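Residues 1 to 224, numbered by the working numbering, are exactly what the sequence shown covers, in order. Even for Gly, the Cβ is constructed at its ideal location relative to N, Cα and C. These numbers come from a predicted model, not from an experiment. Below: the structure, in structure tokens.
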Amino acid sequence: MLTQDELKTLVGQAALQYVVPGEIVGVGTGSTVNKFIDALASMKDQIKGAVSSSVASTERLLALGIPVFDANEVGELSVYIDGADEIDGRGYMIKGGGAALTREKIVAAQSRRFVCIADESKLVQTLGKFPLPVEVIPMATQRLVRQFAALGGTAKVRMQGSEPLLTDNDQHILDVTGLQISEPLAFESEVNQWPGVVTVGVFAHQRAQVCLLGTASGVKTLNF
Ligand code: 5RP
């Protein structure tokens, strides 16, 4: 029986097959992506470099000798590799457990193909069991808490010690529990236009086209 950590290593390594030699790869954030970054070091001489979705991933890439480009310096990327907190059978995801959702969505939008790497605990029927991360402008926090309450959700500011956690963009995160997101496209569109929302952690418009799922019997490839 493989541990969750071993499953993450497996899918991180399996994602190398989607990296296009000679190109720049979009890189997500999180413990699963860290396995991918470690594996990517083995082919660093075959790629130009990466566009990163967080300070943490940038530091890891650079430490391994992989050049990191600013998103504005490059055009469309062929592939973006990232993890997820939940993924459903259509490739729709909840992301942002690592607070990097805004930059993740930017790099995903800049990429032709999103390859999600996840262990099988992340595969769900309906999104919403994992608390939905939403990056917000602090001034709007309490009004947004009330807007989520009107949808049946309970929103709490993510803390780091006694202070609200600050994202790489110096904003706050609300984690929303109690939602069943059966229409991810409509939900993402609606919440995104609430004033004060920077990014909602539903990735439906930027869904995955492929999921490499780590299971007890090996890596399963789901195409959406
Ligand atoms: C970070 C993310 C991550 O992809 C998500 O939280 C999954 O992380 P992990 O691979 O550590 O389980 O969205 O903002």
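So, using beta-carbon positions, are residue i and residue j closer together than 8 angstroms?
i: residue 67; j: residue 49; result: yes
i: residue 136; j: residue 78; result: no
Heavy atom of the ligand 5RP less than 7 angstroms from the Cβ of residue i, yes or no?
i: residue 105; result: no
i: residue 61; result: no
i: residue 33; result: yes
i: residue 97; result: yes
i: residue 56; result: no
i: residue 39; result: no
i: residue 29; result: yes
i: residue 64; result: no
i: residue 2; result: no
i: residue 101; result: yes
What whole-angstrom Cβ distance do residue i and residue j have, given they're in contact under 8 angstroms?
i: residue 176; j: residue 131; result: 6 angstroms
i: residue 213; j: residue 120; result: 5 angstroms
i: residue 133; j: residue 26; result: That pair is no contact at about 20 angstroms.
i: residue 39; j: residue 12; result: 5 angstroms
i: residue 210; j: residue 171; result: In fact, because the Cβ distance is near 30 angstroms, the residues do not count as touching under 8 angstroms.
Residues bridged to residue i by DSSP?
i: residue 93; result: 87, 203
i: residue 3; result: Beta-bridge pairing links residue 3 to no other residue.
i: residue 220; result: 213
i: residue 160; result: 163
i: residue 113; result: 79
| query | Touch check for the region 112 to 126 and the region 84 to 95: three-plus C-beta pairs under 8 angstroms? | reply | yes
| task | Could you tell me whether the region 170 to 185 touches the region 56 to 67, using the rule of 3 or more Cβ pairs below 8 angstroms? | result | no
| Is it a yes or a no for the region 153 to 173 touching the region 35 to 50, going by three-plus beta-carbon pairs under 8 angstroms? | no
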